[in-house]
Amino acid sequence: MELLNINYYKKLVNKFCRESFNNELILSDKFIDINYSFFDKALRTEDLNLFIQIPSTYLKINLLFANIFFKAAAEQFLNAEENPIYEIRDKLKANKRNKEYEIIEVRDGLVTLEEIIKGKKSPHYYPERHRDLSLQKLKNEYTKIDKGLRKSRLDNCRQLFNKLFNIDYIPPSFKSKSIIVCSKKIWESFSEIKILDSNLKSLIPSIYINRNGNETKSINIDPAIYFVSDYCTAYDYIIKKNIKIDNIIILDRKVDNLPTIIQDQLDKKFKLFGIVTTKIENPHVKVWKWLKEEIKIINEL
Amino acid sequence: MIQLTVIDNNELEDIFKEYRSSLDFLKTSPFYIEALKTYDTYLSRLLKTIVKADDPFYAELKKRIAFNRELENKLATQGFEIHDLGNSNPKNILLKIVNLLCSENNKTKAFFDKIMDNNSKNITSVIISNNYDEDFITNQLKIIGIVNYEIIRYSRIDTYIKTIKREDVLFIDYSLDGYHDFLKYYSIDFDISLVLYEPEKLMYDLYVKKYQRELEVELASPFREKLSGIKYETTKQSQDTRSIALTIQSIIGRTNDIDDIEETEFESLKENPEFIDDLVYEYIIDYEEDLEPDKLDSNELVFDQFNKLVKIGKIRKGDRIRVYDERLNHNLYDIAAQEDEETFQLIEKYSYLWKNPLINYYKSNYITFQELFEYLKGLGLTIKDSTLRNYIEGKTMFPMRRADLNAILKLTKDQKLAEGMTRLLKYKRIYHSIMISLGKNLRGEICNYLQTKKIGNILRKDFTSETLNNFINMYMPLKTVKKIEINIKDEQS
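Same order as they appear, the protein sequences are chains P and A.
Just remember that my numbering sits 80 ahead of the position in the first sequence, which is counted from 1.
Just remember that my numbering sits 41 ahead of the position in the second sequence, which is counted from 1.
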């Protein structure tokens, strides 16, 4: 086999590997990092639907996808809701105490909370009430949740936001979402990717939706990312409901219905990106095809 | 890294040259026959076989070649007959090739030599085998006394690689079906040994060149330069030495058509070499006992009186056999669908593509079932009315024959069906190949049960020891073969 021009790869690594990639929150390597940067570039380039093709025998595919997932989530966090709306019956968890509350009154921009009693208490126990809290105080000291949730989970999640953006709160919701189309196995494999003191799946709020519309949450707060195993599910249960979608990311799925996705893209204006292991051809997408030899050279530089 | 073991065989090369010349002769005046597609598939199938001379494979292949009429029909359109070709008769030469390979078994020898060689070095052989050869390989290795091996399917390579813990494995394959498997083998990080005849080796060279060209095209692509901002400087010019290899490729036919097909379909073709033409080769077996005769496909396995699985082609008059009851398969679809959701979604989608227009036509035209049956028969339907009823009731995944699909298309004139027909045929094939593979596993479990009384995982879902015993006695009793008749049924295209 012909020898490849090593200088080309040195230039690629110099330009696209982040200097800090070894110290990033998730494990990575040079090849993965270049793809991470390509993904970043694609998100910022208008009219570019980038697909990256890799050999089907590439061994670190889960790690590559984990890095993409992480980046996608970070992007969504940028679109987090900064000015939340609080309504009666919303559930909140106190950041510094292991207690949960329900909003029982909203009046003149002030909110009253009542404790949700958990576990056994004496019959005379009176649930805590916190009256007339300002929205700012709520934002700083409480986190909106859907159902019960362990404090440690939330703490880890908040730590992630802190590391990424230097903020000490978890947004109550995300103004827009992204969709990742991949097999359920991949979503589940993210629980093996270490980050901070926990794992990737537990730290990033996401929902997996199966073909029948059944939802499984990773954390009981508003999700940043939806996971589905095919585009049709995404269309039926998310896109059709007019939830604002920023990006659709396809990870190792056959894309038979690319023309349909492109059509919807014209209407809904999401960005499209993918990493695939089989050939893909469409006038509206651009493909960068990595060959086996290149991966080896890059990681050995 | 791919390592080649090329079989030295001067006689084969000579006859091969003769065969090529005879095909070239056909291309010229006055015949002007460009290619014999069915012959290409026979040759491709022949070159990759490793079973021995006593396997019914060779006899069957010769029968198929003899029965085949592609050459005769094409000659007839010009007003010629096959004896007008004299000695330059591809059919006879092809049969000579079959006889040569059958008597020599060089590939078989080279293949097992390689495994024995690995064994002596404590290397585990990971054999990539297809449905047809697996039993033969297992039996031979048992006879030779080798245990340090594994057999896997081509479609399972990616999954298997992720589980390899040791360094001392060597993959082995004895065929190269097209660019797809070349690429896969090229890209795995383990060593793989390919045992090939010289003509196949020439094709391998072709694929290497093709890959190099693809590499260059990708590296120099304008999109790469645009996205990365870096231009790739090539270090040398590539040579264009495609000519000889292309000729070879064109007569080891399948590979020519295969390059643009999708991975799942390629896998099903590679794993099921039996699907080589549209001929359905059928065995009709009559029994001494007062029982219904059985009609079995030529590649079916039955249980002999020692509870071993044997090919139907090896059964003789007087043998006692048990025939597998298809009812045992009823769960297989669900099992398969769970294993591979994506593919089965597509299989179901294409299954509805022909069912819906048929059912809609029947319901919305106020005709009786008998009328529907008559209309379809007039358009070429080959099945019985009871089978058509199964179609209407949605009980069948895909019609067996293209003629029946075409009849439905002609009657309903459904646009979507017309447009999706090619893909439908593809998924029909994939579906059958997966079900056959699973069916094999299930047959294996029955075999194991008959021999050891242990119930395997699939059987356990439906049976206890007692109920399985009853089932076998009732529906799969031991029967004595009185007469065997062989029929070739031509599936119309």
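Don't be surprised by glycine CBs; every beta carbon is placed ideally from N, CA and C.
Task: Test item: CB-CB of Lys89(A) and Ile106(A) under 8 Å - done: Counting from 1 along the second sequence, the entry for residue 89(A) is found at position 48. Counting from 1 along the second sequence, the entry for residue 106(A) is found at position 65. Cβ distance not < 8 Å, so Lys89(A) and Ile106(A) don't count as in contact.
Open item on the list: For His473(A), report the span of its alpha helix (DSSP H) as first-last.
Closed with: Taking the first residue of the second sequence as position 1, residue 473(A) is located at position 432. Membership of His473(A) in the alpha helix (DSSP H) is indicated by the continuous run Gln456 to Thr493.
TODO: Within the region 167–241 of chain P, note down every full beta strand (DSSP E) run reaching 3 residues or more, in order along the chain.
DONE: The beta strand (DSSP E) runs of length 3 or more contained entirely in the region 167–241 of chain P are, from start to end of the chain, 171–174, 180–187, 190–196, 209–214 and 222–225.
Task: Same chain, Cβ closer than 6 Å to Val365(P), neighbours up to 5 away in sequence not counted - done: Taking the first sequence and counting its residues from 1, the one referred to as residue 365(P) is at position 285. Result list for Val365(P): Asn129 and Phe131, in chain order.
Task: Whether Tyr432(A) touches Leu399(A) by CB criterion (8 Å) - done: Looking up residue 432(A) in the second sequence gives position 391. Looking up residue 399(A) in the second sequence gives position 358. Contact flag set, yes.
Task: Which of helix, strand or coil DSSP assigns to Tyr516(A) - done: On the second sequence, residue 516(A) is found 475 positions in, with the first residue counted as 1. Helix at Tyr516(A).
Open item on the list: Going residue by residue through the region 268–343 of chain P, where are the continuous beta strand (DSSP E) segments of at least 3 residues, counting only ones entirely within it?
Closed with: Runs of the beta strand (DSSP E) lying entirely within the region 268–343 of chain P, each at least 3 residues long, are 286–289, 295–297, 305–308 and 325–331 in chain order.
TODO: Kindly list the residues whose CB is nearer than 8 Å to the CB of Lys281(P), restricted to its own chain and excluding five residues on each side of it in sequence; keep chain order.
DONE: One-based indexing of the first sequence puts residue 281(P) at position 201. Hits under 8 Å: Trp267, Glu268, Phe270, Ser271, Ile273 and Ser298.
TODO: Under 8 Å between beta-carbons, which chain A residues line up against Lys95(P)? List them in chain order, please.
DONE: One-based indexing of the first sequence puts residue 95(P) at position 15. Within 8 Å Cβ-Cβ: Ser269, Gly270 and Ile271.
TODO: Count the other CB atoms, across all protein chains shown, that sit within 10 Å of the CB of Asn498(A); report buried if there are 16 or more and exposed otherwise.
DONE: Stepping through the second sequence from its first residue, residue 498(A) is reached at position 457. Looking at its Cβ environment, which holds fewer than 16 other Cβ atoms inside 10 Å, Asn498(A) is exposed.
Open item on the list: With three or more C-beta pairs closer than 8 Å as the rule, is the region 377–391 of chain A touching the region 420–435 of chain A?
Closed with: The answer is no - the region 377–391 of chain A does not touch the region 420–435 of chain A, with fewer than three Cβ pairs under 8 Å.
TODO: Report the residues of the region 241–261 of chain A with a CB closer than 7 Å to any CB of chain P, ordered along the chain.
DONE: Residues Gln253, Leu256 and Glu259.
Task: Beta-carbon proximity list for Gly293(P), same chain, < 6 Å, skipping 5 on both sides - done: Position 213 of the first sequence, counted from the first residue, corresponds to residue 293(P). Correct list, in chain order: Tyr317.
Task: Given Ala160(P) as reference, the closest of Glu195(P), Lys201(P), Pro285(P) and Ile183(P) once Cα atoms are compared - done: Your numbering for residue 160(P) matches position 80 in the first sequence. Here the closest residue by C-alpha is Pro285(P).
- [ ] Check Lys162(A) in the structure and name its three-state DSSP category.
- [x] Looking up residue 162(A) in the second sequence gives position 121. Here Lys162(A) carries a coil assignment [DSSP, helix/strand/coil].
Open item on the list: Against chain B, which members of the region 357–368 of chain P pass a CB distance test of less than 7 Å?
Closed with: Of the protein chains in this structure, namely P and A, none is chain B.
Task: Whether Ile328(P) touches Pro303(P) by CB criterion (8 Å) - done: Mapped onto the first sequence, residue 328(P) falls at position 248. Mapped onto the first sequence, residue 303(P) falls at position 223. No, the Cβ-Cβ distance between Ile328(P) and Pro303(P) is not below 8 Å.
Task: Distance between Glu323(A) and Tyr374(A) (C-alpha atoms, nearest Å) - done: The residue given as residue 374(A) occupies position 333 in the second sequence. The residue given as residue 323(A) occupies position 282 in the second sequence. Computed Cα separation, rounded: 25 Å.
Task: chain P within 8 Å of Ser228(A), Cβ atoms only - done: As a working note, residue 228(A) is residue 187 in the second sequence. Closer than 8 Å: yes.
Task: Members of the region 325–342 of chain P that neighbour chain A once the beta carbon cut-off is set at 8 Å - done: Of all residues in the region 325–342 of chain P, Arg333, Lys334 and Asp336 have a Cβ within less than 8 Å of some Cβ in chain A.
TODO: Apply the 10 Å Cβ neighbour rule to Thr493(A) and answer buried if 16 or more other Cβ atoms are within range, or exposed otherwise.
DONE: For this step, residue 493(A) is matched to residue 452 along the second sequence. Classified as exposed, Thr493(A) has fewer than 16 neighbouring CB atoms from the shown chains inside 10 Å of its CB.
- [ ] Give me the Cβ distance between Asn160(A) and Asn180(A), rounded to the nearest whole Å; I'm assuming they're in contact under 8 Å.
- [x] Residue 160(A) sits at position 119 when you count from the first residue of the second sequence. Residue 180(A) sits at position 139 when you count from the first residue of the second sequence. Going by Cβ atoms, the distance from Asn160(A) to Asn180(A) rounds to 17 Å, so no, they are not a contact pair.
TODO: Taking 8 Å as the threshold, find out whether the region 242–252 of chain P comes into contact with the region 120–129 of chain P through three or more Cβ pairs.
DONE: No, because fewer than three Cβ pairs between the region 242–252 of chain P and the region 120–129 of chain P fall closer than 8 Å, the two stretches do not touch.
Task: Neighbour-count burial assignment, Ala117(A), 16 or more Cβ in a 10 Å radius - done: What you label residue 117(A) is simply residue 76 of the second sequence in a count that begins at 1. By the 16-neighbour rule on beta-carbons within 10 angstroms, Ala117(A) is exposed.
Task: CB contact flag (Tyr166(P), Ile183(P), <8 Å) - done: The sequence position of residue 166(P) within the first sequence is 86, counting from 1. The sequence position of residue 183(P) within the first sequence is 103, counting from 1. Judged by their CB atoms, Tyr166(P) and Ile183(P) are nearer to each other than the 8 Å cut-off.
Task: According to DSSP, residues forming a beta bridge with Glu526(A) - done: Numbered from 1 along the second sequence, position 485 holds the residue referred to as residue 526(A). Answer is Ile325(A), bridged to Glu526(A).
TODO: Kindly list, in the order they appear in chain A, the residues whose Cβ is closer than 8 Å to that of Thr296(P).
DONE: Indexing the first sequence from 1 puts residue 296(P) at position 216. Correct list: empty, because the minimum Cβ distance to chain A is about 16 Å.
Open item on the list: Can you find the residues in the same chain that come closer than 7 Å, C-beta to C-beta, to Phe439(A), ignoring five residues on each side of it along the sequence?
Closed with: Stepping through the second sequence from its first residue, residue 439(A) is reached at position 398. If we look at Phe439(A) and ignore the five residues flanking it on each side, its Cβ neighbours are Ser392, Lys469 and Tyr472.
Task: Tyr195(A), DSSP secondary structure in three states - done: Taking the first residue of the second sequence as position 1, residue 195(A) is located at position 154. If DSSP states are grouped into helix, strand and coil, Tyr195(A) belongs with the helices.
Task: Ile271(A) and Lys91(P) closer than 8 Å at C-beta - done: The residue labelled residue 271(A) in the question sits at position 230 within the second sequence. The residue labelled residue 91(P) in the question sits at position 11 within the first sequence. Judged by beta-carbon spacing, Lys91(P) lies within the 8 Å limit of Ile271(A), meaning their Cβ atoms are closer than that value.
Open item on the list: I want to verify the contact list: residues of chain P whose CB lies under 8 Å from the CB of Arg265(A), in sequence order.
Closed with: For the purposes of this step, residue 265(A) is taken as the residue at position 224 of the second sequence. Chain P residues near Arg265(A): Trp368.
TODO: Put Trp368(P) into one of helix, strand or coil per three-state DSSP.
DONE: Counted from its first residue, the first sequence places residue 368(P) at position 288. Secondary structure of Trp368(P) (DSSP, three-state): strand.
Open item on the list: Using 8 Å for Cβ pairs, my map puts Ile197(P) next to Asn300(P). What's the rounded Cβ distance?
Closed with: Within the first sequence, residue 197(P) is the residue found at index 117, counting from 1. Within the first sequence, residue 300(P) is the residue found at index 220, counting from 1. Going by Cβ atoms, the distance from Ile197(P) to Asn300(P) rounds to 18 Å, so no, they are not a contact pair.
Task: Selection from Tyr99(A), Phe512(A) and Asp338(A) that minimises the alpha carbon distance to Arg368(A) - done: Reading the second sequence from its first residue, position 327 is the one you call residue 368(A). Of the candidates Tyr99(A), Phe512(A) and Asp338(A), the one whose C-alpha sits nearest the C-alpha of Arg368(A) is Phe512(A).
Open item on the list: Tell me which residue opens and which closes the beta strand (DSSP E) that Gln386(A) is part of.
Closed with: Along the second sequence, read from residue 1 onward, the residue named residue 386(A) stands at position 345. Where Gln386(A) is concerned, there is no enclosing beta strand (DSSP E), although the alpha helix (DSSP H) it sits in stretches over Glu382 to Ser405.
Open item on the list: Taking CB distances under 8 Å as the criterion, tell me whether Ile202(A) reaches chain P.
Closed with: Counting from one through the second sequence, the residue named residue 202(A) turns up at place 161. Yes - at least one Cβ of chain P is within 8 Å of the one on Ile202(A).
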